[in-house]
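Each residue of the sequence shown is one higher than the last, beginning at 19 in my numbering.
A short write-up of the structure that comes next.
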Amino acid sequence: MSEFLWGVATSAYQSEGGYNGPDQPQTNWAAAERKGDVAKSGLGSDFWNRYQEDFTRCRQLGLNAFRLGIEWSRVQPTYADRKGPPPPFDHRALDHYVDILAKCRENGLEPVVTLHHFVHPSWLGTDPWLEPGITDSFCHYVHESVLYINRTLTDRHGLQPVRYYITINEPNMLVLNTYFGVQFPSGPNKMRGMRSLPAAYRNILITHVRAYNLIHRIYGEEGWLEPSV
């Protein structure tokens, strides 16, 4: 029973706050927020700044795990809501995620890290899962984030690397809500429908496999204990 995890889960975009406003990282939901098609994410629950309060409540509830996201839009941000070339990584954001993960462990909570949760940076455009280059872009983000975060966790905080990962949250719901149920943002209407759905899902599955192998390779090369992905 020592391996049994009992915890709660968050989504970075939904809880952190600080997206899609002026001088804030822009996601693929930015246009929908501005047009009023969806509620503004705003501060969310301000998890980015108030994570310790959540960890304290989890500890009081007797939990031993906390699922949180690393948001691609924050660690490789653009501040313009349009498609463009890949921007540089923001290591200040990565350092802040390291601090959150360290505090999570300090509170007796095993972190479970989600790398993609229904959201991508606006520089990828509206329909990146229909483009062949998405796998390379995602794996570049995964490599930079996983390597930097875990090296910093071990070197700066003396902690073990993250043990548990979810590469892409609910991939079935991501493609269904984008190309069939159309609750999620996508490009022109011609992109929607059953013809786009299997193509997007195929790219997601390929991307998951490559990200899975990449994370395992990173851990092997660094001499870290094998992760669960």
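Just so it is clear, CB atoms sit at the ideal spot from N, CA and C, and this is done for glycine as well.
### Query
Which word fits T250, buried or exposed, when buried means at least 16 other C-beta atoms lie within 10 angstroms of its C-beta?
No answer is possible for residue 250: the residues shown for the chain start at 19 and end at 247.
### Query
Starting from I118 and walking both ways along the alpha helix (DSSP H), at which residues does that stretch end?
That run of the alpha helix (DSSP H) goes H109 to E124.
### Query
S91 bridges to which residues according to DSSP?
DSSP links S91 through a beta bridge to no other residue.
### Query
Between I152, Y166, H175 and H158, which lies nearest to A111 when the distance is taken from Cα to Cα?
Cα-wise, what sits closest to A111 is Y166.
### 6 Å Cβ shell around H134 - same chain, five flanking residues per side excluded
Cβ neighbours of H134 beyond the five flanking positions: I186.
### Message
Just to confirm before moving on: does the CB-CB distance between M222 and W147 stay below 7 Å?
### Response
It is worth fixing the name first, because residue 222 is Ile in this sequence and not Met. Taking C-beta atoms as the reference points, I222 and W147 count as a pair closer than 7 Å.
### Query
What three-state label does DSSP hand G143 in the structure shown?
Collapsing the DSSP output to three states places G143 in coil.
### Query
Comparing the C-beta of E188 with each C-beta of chain C, is any distance below 7 Å?
The structure shown contains no chain C, having only a single protein chain.
#### Entry: Close Cβ partners of L171 (< 8 Å) along its chain, the five nearest in sequence each way excluded
Answer for L171: V116, L119, A120, L177, Q178, P179 and V180, listed in chain order.
#### Entry: Sheet register partners of F84 (DSSP bridge)
Beta bridge pairing from DSSP links F84 with V26 and P129.
### Query
Contact check, P139 vs F84 under 8 Å by CB: the rounded distance?
About 24 Å separates the two Cβ atoms, so there is no contact after all.
#### Entry: Bridge-paired residues (DSSP) for Y183
Looking at the DSSP assignment, Y183 forms a beta bridge with V131.
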